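In the numbering used here, the protein residues as written are 47 to 469. Even for Gly, the Cβ is constructed at its ideal location relative to N, Cα and C. Keep in mind it's a predicted model, so treat the numbers as computed, not measured. Taking it in order: structure first as structure tokens, then the write-up.
Okay, structure coming up:
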């Protein structure tokens, strides 16, 4: 049996704080990243919430300025690749006109994931936190990697290693700092403001530590965030808070492709769509009347589309090469960018994955992540996973050299014999 790859830590332990000797270079929609296949833009989409009009603009941007593809990220954002040098102004004007750049000075800090199957209250909370973030001068000090999670209580996005988590959908919610065992409880109406205050508390701690930490887990022990201090800060801001030293945090599997109540979850293989596929997706969302929700698992939830019949959308989605039902080999396969987009990659991992995925079985075991190098960019979070890494001599599967001709058989064996991780 192949060993499952445990989730690696996202940052150094507090006993060995990360010392940042440079500014955060995380790409955005205004700060483009130079890649081997052209420039890359990452458009932040808080909560993954898109109107169909905004989705159409993203598709237009991919065609007009990029390589005609859109990539979904592990934080529910959208990337455009293959952008030409000098397109920044035109791209920014197009995105701004669609309301996708509401505060240019804050565009890279709007990293907010939310339970994609949450109801109207969850949507309102996303909008409120984004409004507060964009209105806070202090929030511009956050790195492009700082992550907020607004979990409706099921425990799906709370498992994604967020820096600030809001959990619950009732009149009272929990706010957690990093991976703390405890939390503070506040009124639901104060949730967004409490989340912003938590981020400001982190910034104060990072300034005091002098390590230029980007994330809560990077703070050294002497400057770690404390629930008691946070509760005092909330009280000073007029927010009543109760400290809970121990909390049993729930866990829920990500939404899988298929119907969930009145919503439909759609999976683009490897989280990448051509603009024609994207337009089909936006067209079905428009027919359903609920917009789109990009998920941190590189899928898209279409509220209202679960009630559509096959002839009203699902058939068109499937004809476009998108997965609309459970099972199938793509459900648990992810990959980094690989060649030709990444100079560090040793293989075209996406092409290699497509070459073997149909022969690797459909067992609902551990996810398989294809990495072009040892950095393992884009690996699954919140779970264990099978680790397939390109090396100068070929691939290694969970650390074992495996010839490409044997990969399909090895992955099939792993997918059908490795038990899912316990939570």
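**Report entry** Own chain, CB closer than 6 Å to residue 402, minus 5 neighbours either side, in chain order
**Finding:** The answer, listed in chain order, is 453, 454.
Requested in this report: Return yes when the Cβ of residue 219 is within less than 7 Å of the Cβ of residue 230, no when it is not.
Outcome: Taking 7 Å as the cut-off, the beta carbon of residue 230 is found no closer than this to the beta carbon of residue 219.
Query raised in the report: For the beta strand (DSSP E) that contains residue 210, what are its first and last residues?
Result: Start and end: 210-213.
Query raised in the report: From residue 418 to residue 384, what does the alpha carbon distance come to, in whole angstroms?
Result: Rounded to the nearest whole angstrom, the C-alpha separation of residue 418 and residue 384 is 5 Å.
**Report entry** Member of 365, 251, 278, 345 whose CA lies at the smallest distance from the CA of residue 188
**Finding:** Closest option to residue 188, Cα to Cα, is 251.
Query raised in the report: Relative to the C-alpha of residue 375, which residue among 334, 303, 438, 309 is closest?
Result: When only C-alpha atoms are compared, the closest one is 303.
Report task. Check whether the stretch 332-347 touches the stretch 233-247, taking contact to mean three or more Cβ pairs, one atom from each stretch, closer than 8 Å. Result -> With the cut-off at 8 Å, the stretch 332-347 and the stretch 233-247 do not touch.
Query raised in the report: Among 435, 458, 394, which one has its Cα closest to the Cα of residue 82?
Result: Cα-wise, what sits closest to residue 82 is 394.
Requested in this report: Kindly identify the DSSP beta-bridge partner or partners of residue 116.
Outcome: Note: residue 116 sits in a beta bridge opposite 126, 319.
Requested in this report: Say whether the stretch 90-104 touches the stretch 354-374, bearing in mind that this needs 3 or more beta-carbon pairs closer than 8 Å, one atom from each stretch.
Outcome: The stretch 90-104 vs the stretch 354-374: no contact.
Query raised in the report: Of the residues 290, 307, 317, 203, which one's Cα is nearest the Cα of residue 118?
Result: The shortest Cα separation from residue 118 among 290, 307, 317, 203 belongs to 317.
Report task. Starting from the Cα of residue 307, find the closest Cα among 256, 163, 135 and give me that residue. Result -> Per the Cα distances, 163.
Requested in this report: Would you give the residue range spanned by the beta strand (DSSP E) that residue 417 belongs to?
Outcome: From DSSP, the beta strand (DSSP E) with residue 417 extends over 414-417.
Query raised in the report: Can you tell me whether residue 264 is buried or exposed, with buried defined as 16 or more other CB within 10 angstroms of its CB?
Result: Flag for residue 264 reads buried.
**Report entry** Close Cβ partners of residue 392 (< 7 Å) along its chain, the five nearest in sequence each way excluded
**Finding:** The answer, listed in chain order, is 418, 419, 436, 437, 438.
Query raised in the report: To the nearest whole angstrom, what separates the beta carbons of residue 345 and residue 109, a pair I think is in contact under 8 Å?
Result: A Cβ-Cβ distance of about 22 Å is found for the pair residue 345 and residue 109, leaving them out of contact under the 8 Å criterion.
Query raised in the report: DSSP on residue 297, reduced to helix/strand/coil?
Result: Coil at residue 297, not helix or strand.
Query raised in the report: Is it true that the stretch 142-151 meets the stretch 201-210, where meeting means three or more beta-carbon pairs spaced less than 8 Å apart?
Result: No, the stretch 142-151 does not touch the stretch 201-210.
Query raised in the report: Leaving out five residues before and five after residue 457 in sequence, what residues of the same chain have Cβ atoms less than 8 Å from its Cβ?
Result: Correct list, in chain order: 402, 406, 407, 414, 432, 434, 443.
Query raised in the report: Which residues mark the beginning and the end of the alpha helix (DSSP H) in which residue 286 is found?
Result: Careful: residue 286 lies outside any alpha helix (DSSP H) and carries neither H nor E.
Query - Length of the line joining the Cα atoms of residue 287 and residue 103 - result: C-alpha separation (whole angstroms): 42 Å.
Requested in this report: State the DSSP-derived secondary structure class of residue 343, mapped to helix, strand or coil.
Outcome: It is coil, neither helix nor strand.
Query raised in the report: Is the stretch 170-187 touching the stretch 112-128 in the sense that three or more CB pairs, one from each, lie closer than 8 Å?
Result: Verdict: no, contact absent.
Report task. Can you say whether residue 349 is buried or exposed, counting buried as having 16 or more other CB atoms within 10 angstroms of its CB? Result -> Residue environment: residue 349 is assigned as buried (16 or more neighbouring CB atoms within 10 Å of its CB, all protein chains considered).
Report task. Would you grab the beta carbon distance between residue 273 and residue 289 for me? Rounded to a whole angstrom, and I think it's under 8 Å. Result -> So it is a contact: roughly 5 Å between Cβ atoms.
**Report entry** Where residue 247 falls, given that 16 or more other Cβ within 10 Å makes a residue buried
**Finding:** The Cβ neighbour count for residue 247, taken over all protein chains shown within 10 Å, is at least 16; the residue is labelled buried.
Query raised in the report: Count the other CB atoms within 10 Å of the CB of residue 450; is the residue buried (16 or more) or exposed (fewer)?
Result: Flag for residue 450 reads exposed.
**Report entry** alpha helix (DSSP H) segment containing residue 135, residue limits
**Finding:** Counted as a single uninterrupted DSSP element, the alpha helix (DSSP H) harbouring residue 135 occupies residues 134-143.
Query raised in the report: According to DSSP, is residue 349 helix, strand or coil?
Result: Assignment of residue 349 by DSSP, reduced to helix, strand and coil, places it in the strand class.
Report task. Please determine, among 180, 341, 245, 138, the residue with the shortest C-alpha to C-alpha distance to residue 111. Result -> Distances from the CA of residue 111 to each of 180, 341, 245, 138 were compared; the closest alpha carbon is that of 138.
Query raised in the report: For the 8 Å Cβ check, are there 3 or more pairs between the stretch 154-169 and the stretch 179-199?
Result: In short, these stretches touch, since the Cβ pair count reaches three.
Query raised in the report: Around the C-beta of residue 211, are 16 or more other C-beta atoms found within 10 angstroms, so that it is buried, or is it exposed?
Result: Counting other Cβ atoms within 10 Å of its Cβ, residue 211 reaches 16 or more and is therefore classed as buried.
Requested in this report: State the DSSP-derived secondary structure class of residue 437, mapped to helix, strand or coil.
Outcome: Strand.
**Report entry** CB-CB length for residue 381 against residue 416, believed under 8 Å
**Finding:** Going by Cβ atoms, the distance from residue 381 to residue 416 rounds to 4 Å, so yes, they are a contact pair.
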